[in-house]
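Protein chains in written order, with this note's numbering: chain A, 2 to 269; chain B, 104 to 291.
Don't be surprised by glycine CBs; every beta carbon is placed ideally from N, CA and C.
Notes for the one structure printed next.
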Amino acid sequence: MVFTDFSLVVFSTLAQLAVGLTVMAALQPRAAGESGEVKLKVEWVTAGLILAAALMASMFHLGHPSGSPRALVHLSTSWLSREILAFGCFGGVLVLAFLTLWKNSGGSSLLIRLTAAVGLAALLVSGMVYAPPSFPALNNGVPVLFFLLTAFILGSAFGAYFVGAERQGLLVKVLATSLVVGLVVNLILPSIWLSGGTVARMTGANFYGSWLYWLRIAGEFVVPLAVLGAWKKIPAWLPILLLLGEAAGRIMFLNSVVHTATNLGGLY
Amino acid sequence: MSKKQAGFYIDAQRCIGCYSCAMACKNQYHQEPGVHWRYVYPLKEEIYPHRERAWMSLACNHCEHPTCLEVCPVEAYYKREKDGVVVHEQEKCIGCQNCIRSCPYGAPRFNPARHQAEKCSMCYQRLDAGLKPACVQGCPTYALQFIEDMASFDQSGKVQYLAGFPRFPELNPSVRFRPPREPREVRR
Ligand code: SF4
Ligand code: SF4
Numbered sequence: 002m003v004f005t006d007f008s009l010v011v012f013s014t015l016a017q018l019a020v021g022l023t024v025m026a027a028l029q030p031r032a033a034g035e036s037g038e039v040k041l042k043v044e045w046v047t048a049g050l051i052l053a054a055a056l057m058a059s060m061f062h063l064g065h066p067s068g069s070p071r072a073l074v075h076l077s078t079s080w081l082s083r084e085i086l087a088f089g090c091f092g093g094v095l096v097l098a099f100l101t102l103w104k105n106s107g108g109s110s111l112l113i114r115l116t117a118a119v120g121l122a123a124l125l126v127s128g129m130v131y132a133p134p135s136f137p138a139l140n141n142g143v144p145v146l147f148f149l150l151t152a153f154i155l156g157s158a159f160g161a162y163f164v165g166a167e168r169q170g171l172l173v174k175v176l177a178t179s180l181v182v183g184l185v186v187n188l189i190l191p192s193i194w195l196s197g198g199t200v201a202r203m204t205g206a207n208f209y210g211s212w213l214y215w216l217r218i219a220g221e222f223v224v225p226l227a228v229l230g231a232w233k234k235i236p237a238w239l240p241i242l243l244l245l246g247e248a249a250g251r252i253m254f255l256n257s258v259v260h261t262a263t264n265l266g267g268l269y
Numbered sequence: 104m105s106k107k108q109a110g111f112y113i114d115a116q117r118c119i120g121c122y123s124c125a126m127a128c129k130n131q132y133h134q135e136p137g138v139h140w141r142y143v144y145p146l147k148e149e150i151y152p153h154r155e156r157a158w159m160s161l162a163c164n165h166c167e168h169p170t171c172l173e174v175c176p177v178e179a180y181y182k183r184e185k186d187g188v189v190v191h192e193q194e195k196c197i198g199c200q201n202c203i204r205s206c207p208y209g210a211p212r213f214n215p216a217r218h219q220a221e222k223c224s225m226c227y228q229r230l231d232a233g234l235k236p237a238c239v240q241g242c243p244t245y246a247l248q249f250i251e252d253m254a255s256f257d258q259s260g261k262v263q264y265l266a267g268f269p270r271f272p273e274l275n276p277s278v279r280f281r282p283p284r285e286p287r288e289v290r291r
């Protein structure tokens, strides 16, 4: 496997984790009183730092990072320009929400929900960047679906660090549901690709033929679902395992999906 | 749409797979080792099941609706009004590789020394000087030809999508092919 896009793995996975944390913060009922508030603030700062790390990592993907501000100029047709704007907006409202949280002024819960909504919109835009005609397997809603799953899986898992053990109920439900959907999607999708054109079939074969794919199915979906089923809570090590699983999935997404040009001269 | 659309004509009946076109391009632009803007692809046996081989010489297709131009976040691509040539402006490129990932024909390539994308420009400076693209000039069998305007090109016996060349009508690549013929058996 040729692996060249580590910066994109880090950027996309961490950005989606940051979005997931804000979504979970918006959904999660908090413990009354100061401890709930402090945990929310810590969660919010963590989401902001993770987003900052993600944006930093994205710079390493560019041949000329100093030109990155110019990447906003082609909003009319470039989904990449739109993605940068969308994540910029997400970061902006995230900071704004933190300021209102910090000052304990009114309106913070509205801003928290707004941040989560802008984050989800950024994921939709982001998915479009990865759905060009050159990847028949992804030239559809699959990237958006993958990115949403990452946000919900990692957001609910890491969100558990910021609520008391007794208040994990909602997060466990969201995580279990996302993992079941993720498992089904990841098991079925290569079969759908195998029933498509030559290049999509090559992608399906790459997935089913990869040890990383099967390791991910076991490590990110089967084992965590068994743990959640048995313990009904999210142990502290589980988010790390899920993060590794998501990174493995992203490596495959960026390296094992076949480009149309790979088969020039062959059947399509 | 541009007033005129220039393009390439690839005659697979004349092509002998000598790579002169790809080499002429290399001589003209001195691409980094391993980087080629034009390349000669053999048709695979599933398409041309003969002992004799058939080829297609491909570079950028200067599409009517270029994906590269659409996806580039810094507007490093533009399409010339006068002939529809799709030009990549290296000084604007920030090396995000989005065009490289997105062009279904794999035309933009990554220059590892400059950390930027680059691709066939149809030798537009030569066109402006009344010359043909270097690859066309370098082809010894007239298998690769320059089409000045797709609209007035005689399409009879030609196809836009040769087997082995993926079909993307929404891009409308500016190329036409003459398919290879069955090899002739010579009996003594
Ligand atoms: S072949 Fe690719 S690089 Fe060339 S114009 Fe079309 S989309 Fe752009
Ligand atoms: S690599 Fe350069 S030309 Fe290609 S999309 Fe990125 S900035 Fe534009």
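Residue i beta carbon near ligand 1 (any heavy atom closer than 7 Å)
i: Y181 of chain B; result: no
i: V189 of chain B; result: yes
i: C118 of chain B; result: no
i: L274 of chain B; result: yes
i: C199 of chain B; result: no
i: A220 of chain B; result: no
i: C196 of chain B; result: no
i: N164 of chain B; result: yes
i: P169 of chain B; result: yes
i: C206 of chain B; result: yes
Terminal residues of the alpha helix (DSSP H) in which residue i lies
i: G156 of chain A; result: V143 to G160
i: F91 of chain A; result: W80 to W103
i: Y245 of chain B; result: Looking at the DSSP string, Y245 of chain B is not in any alpha helix (DSSP H), and its letter there is neither H nor E.
i: E1 of chain A; result: Given a span of 2 to 269 for chain A in the structure shown, any question on residue 1 of chain A remains unanswerable.
i: M129 of chain A; result: S109 to V130
i: V224 of chain A; result: V224 to W232
i: R204 of chain B; result: N201 to S205
Exposure of residue i, with buried meaning 16 or more beta-carbon neighbours within 10 Å
i: M25 of chain A; result: buried
i: V3 of chain A; result: The predicted model places V3 of chain A with a pLDDT of 44, which falls under 50 and marks its position as unreliable; any figure quoted below should be read in that light. With fewer than 16 other Cβ atoms within 10 Å, it is exposed.
i: E194 of chain B; result: exposed
i: W103 of chain A; result: exposed
i: H133 of chain B; result: exposed
i: F88 of chain A; result: buried
i: N105 of chain A; result: exposed
i: S255 of chain B; result: exposed
i: S82 of chain A; result: buried
i: Q116 of chain B; result: exposed
i: R279 of chain B; result: buried
i: V272 of chain A; result: The question about residue 272 of chain A has no answer, for chain A in this structure spans 2 to 269.
i: N187 of chain A; result: buried
i: I252 of chain A; result: buried
i: G109 of chain A; result: For the sequence presented, residue 109 of chain A should be read as Ser rather than Gly. When all chains shown are included, S109 of chain A counts as buried.
i: A179 of chain B; result: buried
i: F136 of chain A; result: buried
i: E247 of chain A; result: buried
i: M253 of chain B; result: buried
i: R204 of chain B; result: buried
i: T14 of chain A; result: buried
i: F91 of chain A; result: buried
Contact test: residue i Cβ vs ligand 2 heavy atom, cutoff 7 Å
i: N141 of chain A; result: no
i: C223 of chain B; result: no
i: P211 of chain B; result: yes
i: V177 of chain B; result: yes
i: C202 of chain B; result: yes
i: V119 of chain A; result: no
i: V174 of chain B; result: yes
Beta-carbon separation (whole angstroms), residue i vs residue j, contact threshold 8 Å
i: F271 of chain B; j: P134 of chain A; result: 6 Å
i: K234 of chain A; j: A166 of chain A; result: 6 Å
i: T116 of chain A; j: T23 of chain A; result: 5 Å
i: W158 of chain B; j: P176 of chain B; result: With a Cβ gap of about 35 Å, W158 of chain B and P176 of chain B do not count as contacting.
i: S157 of chain A; j: L172 of chain A; result: 5 Å
i: E167 of chain B; j: S277 of chain B; result: 7 Å
i: A141 of chain B; j: C128 of chain B; result: In the sequence under discussion, the amino acid at residue 141 of chain B is Arg, which differs from the Ala named in the question. That belief holds up - the Cβ atoms of R141 of chain B and C128 of chain B are roughly 4 Å apart, short of 8 Å.
i: V182 of chain A; j: L150 of chain A; result: 7 Å
i: G260 of chain B; j: R281 of chain B; result: 6 Å
i: K198 of chain A; j: Y269 of chain A; result: According to the sequence shown, residue 198 of chain A is Gly rather than Lys. Yes, G198 of chain A and Y269 of chain A are in contact; Cβ-Cβ is about 6 Å, under 8 Å.
Extent of the continuous beta strand (DSSP E) run through residue i
i: Q169 of chain A; result: Segment: none, Q169 of chain A is in no beta strand (DSSP E) and carries neither H nor E.
i: Y227 of chain B; result: No beta strand (DSSP E) holds Y227 of chain B; the alpha helix (DSSP H) holding it covers Y227 to D231.
i: Q17 of chain A; result: It is not in any beta strand (DSSP E) - Q17 of chain A instead sits in the alpha helix (DSSP H) that spans F7 to L28.
i: E57 of chain B; result: Past the edges of chain B, shown from 104 to 291, lies residue 57 of chain B, and the structure says nothing about it.
i: R279 of chain B; result: V278 to R281
i: R212 of chain B; result: R212 to N214
Proximal chain E residues relative to residue i, where beta-carbon distance stays under 8 Å
i: V10 of chain A; result: Among the chains of the structure shown, chain E does not appear; the protein chains present are A and B.
In chain order, which beta strand (DSSP E) runs of at least 3 residues are fully inside the segment 109-147 of chain B? 110-114 and 142-145
Suppose only complete runs of 4+ residues qualify. What are the alpha helix (DSSP H) ranges in the segment 180-217 of chain A, listed by chain order? 199-209 and 212-217
Hey, which unbroken runs of the alpha helix (DSSP H) at 4 residues or more fall wholly within the segment 144-190 of chain B? 170-174
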